[in-house]
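Worksheet: the structure to be examined is printed underneath.
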Amino acid sequence: MAKKKAKPQAAKFDVVDVKMDVRINASPAKVWRAIISDSSKWWPREFYTGPDPEGFIFEAKLGGGVYETWTNGGGLVWYDVIGVDPNRSLLMRGQLTARYGGPAMSFLELTLEADGKATILHLHDNVFGVIGSKMQDSLVAGWKILMEDSLKKFVEGNK
Numbered sequence: 047m048a049k050k051k052a053k054p055q056a057a058k059f060d061v062v063d064v065k066m067d068v069r070i071n072a073s074p075a076k077v078w079r080a081i082i083s084d085s086s087k088w089w090p091r092e093f094y095t096g097p098d099p100e101g102f103i104f105e106a107k108l109g110g111g112v113y114e115t116w117t118n119g120g121g122l123v124w125y126d127v128i129g130v131d132p133n134r135s136l137l138m139r140g141q142l143t144a145r146y147g148g149p150a151m152s153f154l155e156l157t158l159e160a161d162g163k164a165t166i167l168h169l170h171d172n173v174f175g176v177i178g179s180k181m182q183d184s185l186v187a188g189w190k191i192l193m194e195d196s197l198k199k200f201v202e203g204n205k
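The opening position of the sequence shown corresponds to residue 47 in the numbering used here, with each subsequent residue numbered one higher.
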């Protein structure tokens, strides 16, 4: 008897909204420089998608990119920059292929707010599309590692 072919399942469309605030003991200008100029120094190796990473770049200009480079000349674009207010905010749009949990689109905004001698980094990541059951937890954990465990420690350790 012939096996029945499985019917394709309709993908589930959903939205994930991640917000976090991180207090960093440094000025907004210093935090901005760390994001824009020093990202390769604090971006964790395990967050690169390629086997032999070279650097992670934030191009803080309209139409710029946020991407990783590899030593073999390859790389991966994470986001396109769609809004910039220097030393204050960076607005980015990214696409997630199925390989990275999509297909989905992400709008990420990083905003820096002075708070005395410190800075509050406000992160808002809004992802919509085909969202797996673990996407929310994965994003929250990933942004915590990137912003609290990596960026914050880098900035505060380089006074």
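Think of the CB as a built atom: it goes at the ideal place given N, C-alpha and C, for glycine as much as any other residue.
Identify the continuous beta strand (DSSP E) that holds residue i and give its terminal residues.
i      : result
Ile212 : Because the chain in this structure spans residues 47 to 205, residue 212 falls outside the shown range and cannot be described.
Trp89  : Run containing Trp89: none; DSSP gives neither H nor E here.
Glu100 : Pro99 to Phe104
Tyr125 : Gly121 to Asp131
Arg139 : Ser135 to Leu142
Phe93  : Careful: Phe93 lies outside any beta strand (DSSP E) and carries neither H nor E.
Gly111 : Gly111 to Trp116
Lys65  : Phe59 to Ile70
Taking buried to mean at least 16 other C-beta atoms within 10 Å of its own C-beta, is residue i buried or exposed?
i      : result
Val77  : buried
Gly121 : buried
Ala80  : buried
Pro97  : exposed
Pro132 : exposed
Ser83  : exposed
Phe59  : exposed
Met151 : exposed
Asp171 : buried
Pro74  : buried
Thr95  : exposed
Lys25  : In the structure as shown, the chain starts at 47 and stops at 205, and residue 25 therefore has no counterpart that could be examined.
Thr165 : buried
Leu109 : Inspection of the sequence shows that residue 109 is occupied by Gly rather than by Leu. Burial call: exposed.
Ser148 : Reading off the sequence shown, one finds Gly at residue 148, where the question assumed Ser. That one is buried.
Lys198 : buried
Can you tell me where the alpha helix (DSSP H) holding residue i begins and where it ends?
i     : result
Arg79 : Pro74 to Ser83
Alpha carbons only, please: which of the options is nearest the one belonging to residue i?
i      : options                           : result
Gly111 : Tyr125, Gly203, Thr95 and Gly178  : Tyr125
Glu100 : Asn118, Lys65 and Leu158          : Asn118
Asp161 : Asp67, Asp63, Val61 and Val62     : Asp67
Asp63  : Leu154, Leu158 and Ile191         : Leu154
Val61  : Gly203, Leu197, Lys198 and Leu185 : Leu185
Say whether chain B places a C-beta atom closer than 9 angstroms to the C-beta of residue i.
i      : result
Gly175 : In summary, chain B is missing from the structure at hand, where a single protein chain is found.
Could you tell me which uninterrupted alpha helix (DSSP H) segments, each at least 4 residues in length, are contained entirely in the region 144-202, listed from first to last along the chain? Listed in chain order, they are 181-189.
Under 8 angstroms: do the region 80-91 and the region 174-185 share three or more Cβ pairs, one atom per stretch? At 8 angstroms Cβ cutoff, the stretches do not touch.
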